[in-house]
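Following: one structure in structure tokens, then a few remarks.
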Amino acid sequence: MQSIFWLADSLLSIYFWILILHVILSWLASFNVINTRQPFVGQIGRFLWQVTEPVLAPIRQILRRLFGNLGGIDVSPLIALVLIGFARRLLAEMAISIR
278 MQSIFWLADS LLSIYFWILI LHVILSWLAS FNVINTRQPF VGQIGRFLWQ
328 VTEPVLAPIR QILRRLFGNL GGIDVSPLIA LVLIGFARRL LAEMAISIR
């Protein structure tokens, strides 16, 4: 049973870092530090978008319903990171309680 908790924690940790990379890449693209039209950068950007968008889109919809327009600031990655941290902590506590 411990191995299942370890696997879930590892997957959440990997997704945490994918979200961080997505945010960094979007900032770099917004400030014209990198060119997303370059094929390699475009591939990385598309991959990160395809992996993170299924999680971030519902969070954005909920935020839009609750708060309306936030002035162009996208806080959905921050909320997703907090939720991942919460899930990892919950998994750790469940793993300890099962022992």
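FYI, the numbering for the sequence shown is 278 to 376, going by the numbering used here.
No residue lacks a Cβ here, since even glycine has one placed at the ideal position from N, Cα and C.
As the structure is a prediction and not an experimental result, all values here were calculated from the model.
So within the region 311-355, which uninterrupted alpha helix (DSSP H) runs reach at least 4 residues, ignoring any that extend past its ends?
316-344
Same chain, Cβ closer than 7 Å to Thr329, five either side skipped, listed in chain order:
Indexing the sequence shown from 1 puts residue 329 at position 52. Spatial neighbours of Thr329 in its own chain (CB-CB distance under 7 Å, excluding positions within 5 residues in sequence) are listed in chain order as Ile295, Leu296, His299.
For Gln327 and Ser374, I'd like the C-alpha separation in whole angstroms.
Numbered from its first residue, the sequence shown carries residue 327 at position 50. Numbered from its first residue, the sequence shown carries residue 374 at position 97. One C-alpha to the other measures close to 36 Å.
On the CB-based measure, 16 or more other CB atoms within 10 Å of its CB, does Ala369 come out buried or exposed?
Residue mapping note: residue 369 aligns to position 92 of the sequence shown, counting from 1. It counts as exposed.
In three-state terms, what does DSSP make of Phe249?
A query on residue 249 cannot be resolved here, the shown segment of the chain reaching from 278 to 376 and no further.
Below 8 Å, how does it come out for the region 283-291 and the region 329-346: are there three or more Cβ pairs, yes or no?
no
Verify whether the separation of the beta carbon atoms of Gly319 and Leu302 is less than 8 Å.
On the sequence shown, position 42 is the one that residue 319 refers to. On the sequence shown, position 25 is the one that residue 302 refers to. In this structure, Leu302 does not lie closer than 8 Å to Gly319 by Cβ.
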